[in-house]
Every structure is written in structure tokens, then in C-alpha cells.
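A.B. asks:
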Amino acid sequence: MSDKASIHLQYPKIPSLSPPVWARDGHSQTLLGYFLPSTNWDQAEEDVVHELPDGDKIVSHLRPGQTDLMVYLFHGLGGCGQSPYMQRMAQMIQQEGHGVMVTNHRGSGPGEGLAKKPYHSGVAEDLSTVLYYGRQRFPHCRHLAIGFSLSANALLLLLSGAQGGVLPDYAIAINAPINLERTSLLLQTGFNRVYDLHFVRLMRQRMAEKVKRGFIHPYQYKVTWLNTLREFDSIYLAPEAGFRNRLHYYESCSTHDKLSHVDVPTVVLTAEDDPFIDVRDYVNANMSPAIHLHIERHGGHMGYLHHSNLANQGRRWMDFALGEYIRAFFLHRNRDVLRQDKTDHSKGTSTRPFL
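First residue of the sequence shown: -10, per the numbering used here; consecutive thereafter.
#1: Whole angstroms is fine: what's the gap from Leu327's alpha carbon to Val48's?
#2: Judging by CA-CA distance, which residue of Ser27, Arg182 and Arg126 is the nearest neighbour of Pro264?
#3: So who's on the other strand from Leu58, going by DSSP bridges?
#4: Whole-angstrom Cβ separation of His94 and Tyr108, contact assumed at under 8 angstroms?
#5: Put Met196 into one of helix, strand or coil per three-state DSSP.
#6: In the structure shown, what three-state DSSP assignment does Lys211 receive?
#7: May I have the straight-line CA-CA distance separating Tyr0 from Cys130, to the nearest angstrom?
#8: Do Gln18 and Pro8 have their CB atoms nearer than 8 angstroms?
#9: Indicate the three-state DSSP secondary structure (helix, strand or coil) for Lys46 in the structure shown.
#10: What is the residue span of the alpha helix (DSSP H) that Ile82 lies within?
#11: Pick out whichever of Tyr121, Tyr293 and Arg316 has its Cα sitting closest to the Cα of Trp306.
#12: In its own chain, which residues sit with a C-beta less than 6 angstroms from the C-beta of Lys331, not counting the 5 before and 5 after it?
#13: Taking 8 angstroms as the threshold (C-beta atoms), are Leu133 and Leu58 in contact?
#14: Measuring CA to CA, which of His295, Gln302 and Arg322 is closest to Asp14?
#15: I'd like to confirm the pairing. Which residues does DSSP put opposite Ile163 in its beta bridges?
#16: I'd like to know whether the C-beta atoms of Ala279 and Val256 end up nearer to each other than 8 angstroms.
#17: Do the stretch 183 to 193 and the stretch 160 to 169 make contact, defined as three or more Cβ pairs closer than 8 angstroms?
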């Protein structure tokens, strides 16, 4: 972390998650966190179409805010801007007065039919394109990017400098599969096969849409519902996304060995009981001082259900924690501005802090 970025950045002390008796393991946290009701966000002011360097397009839902913080949300595998966690976060960010941009990856949400290539764990350039738009549109804002699961890894890839060029000022990565090879193997074991089949089903639906639109030949890739995600990556994703093979994709896009290069203040959040992400990859990684690593004992894969209500977030510990981290980033420069205001005042001048 550069000295300029680290000055006065104080992370909050967030109480550890205490799971309810009905969600004490990673699977129940993951599944119940997904299926329990969520808040809907339907107050976007406009849709923004981003043209990517290869000609594909993706769509973001934008609502400008009243503060100087613009927050970008990027979803996980099989999701879209309407995914429950994306909706809850957008609602919370809007209530805090910040701007929010909810992005759908290639072929997701309203972007269905606008992209020939699939999205994957290494779409750092796509995130960079969205951030470029935001920086051009809101030049006086600070920019915070939040990635969930697959997008969290893509965000870390961007921050490491491996791909993409436009960086946020701050970042939060939640349950990132930083070791794609290990995650693909874990998804084939035990109950994890349920998640694996779910992901393959969602990806086959995306493939069917591309066949329907003439983007790929109907017999070009033979993926069945019984295939594993690992096989899906070999048969379809790697060649279609421009990688030599699955190994090339995994090695190029995994970030467990690239985190020492991150120079943007970044919160990395994960859970020890995530069913298909091995926490040891985080513990053993050589991380940059710019990264604030937060490992919870419980939480599963983006479940994070607490035993009791937390502020306005109900049992959603993840939402509560992210709200605290967003607030810390928002206050970061404002503390500096207030200090500068006092210094200038002592010299007989005055600056108006942004509050």
C-alpha cells in the first residue's frame, strides 16, 4: 500500500458472526443465505450499456448519489443484477446516499444477447471498462468496487495488475475462488456436487441462449447436465473465452499467487467453512499490506447468517459488515479533508470539508 493510500485508513472492529442453531455449518449457511427472503432494489435511474474492447456489450443499472462515493457491484457465477445479494447491497448503498452501479456480466440480465463470449473468473478487463465509464462520468467521486465470488476473483486480478488498467480507489472481495483449480476439484466432492450441478445447469442455459442467437453452433460444444463445472470449463468456457485449455484458464486467472501486487486498499472477506473455497489458500497467500484479510469461522459461501438481528440488516451479517467497511472507506478522505481544514484555518484560510 502506498503511504498516501494508507494514511488514516482505519478499519472498523466488526463483531464476529455467531450462527443460529439452524445454520451452524457451511452448507446450511450457503443454502439458507441464498433462499431466505431479501430486499428488492428497483430504484435505478438509468441503464448504461458498456461496449467492451472485443465488441461485446454488458449492461449496468445506475443511480447517482449525493455523496462523493460511487460503489460498483459485480455478481457471481450464474447471477445477475437481480440476484438477491446484489439487490440488498444496492438498496443499502442508496440509503446511505452513495451512488451505485449494478453490473450484469456478459449475457446476464438485460445484457442477454449482447455478448458472444462467456464471462468467467478472469474478466478483469470488463470490470476495468465499467470503472472507466464511472470515472469519466463522475470525475469528482471516489470509486469503490465490490465483487462477489467469481467477480471477487476477477476484481483481485484487476487490482494485482495482471489484467485491465482502470482501478478503483477502494475494493472489497467476498468469497473469491482465488485458486480455481482447487475450487473446481472441491466442487466434485460430496454434497458440493449439488452446487456443481446447479452451476452447470445455469451455464447450459446461457449456452442455449447463445445457440438460439447464432453465436455458437448447436453441436460445437457437447455439455450435458451431468458434466462437472471443471469439465464445462474444459469443453466450452476455456476455448470460447480464448484460453488454450482449462489449465491455462485456471493458471492465468487464479489470484492466490498474485495478491502481493495489490496496491489499492482492499478488504478480502471469506469464511473458514465455505464449502468449495479452501481457506488455506488465503492463509498461505503472500498478501500485500494493502489487503485487510477478514476470515470468519462461519458464513459458508456468501451466506453469513447471524443468530440475531444486526442494525437494519436483520440476520444478514455480510450486509452489516460490508456496510461498516463502506462507511470506513467513505470516511477515509473526509478525515483527511477535516485535518486539512484545521490546518488551513490556523493559517487564516478556510476550506469546506465534504460531509
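Yeah, the Cβ is synthetic: ideal placement off N, Cα and C, and Gly gets one too.
C.D. replies: Once the coordinates are examined:
#1: Caution is warranted here: a pLDDT of 36 is assigned to Leu327, below 50, making its placement in the model unreliable, and the coordinate value is therefore given only provisionally. Cα to Cα, the separation comes out at about 37 angstroms.
#2: Arg182
#3: Arg131
#4: So it is a contact: roughly 4 angstroms between Cβ atoms.
#5: helix
#6: coil
#7: 21 angstroms
#8: yes
#9: strand
#10: Pro73 to Gln84
#11: Tyr293
#12: Because Lys331 carries a pLDDT of 37, less than 50, the predicted location of this residue cannot be relied on, and the following value inherits that uncertainty. Hits under 6 angstroms: none found.
#13: yes
#14: Closest option to Asp14, Cα to Cα, is His295.
#15: Phe137 and Leu258
#16: no
#17: Judged by Cβ distances under 8 angstroms, the stretch 183 to 193 makes no contact with the stretch 160 to 169, as fewer than three pairs qualify.
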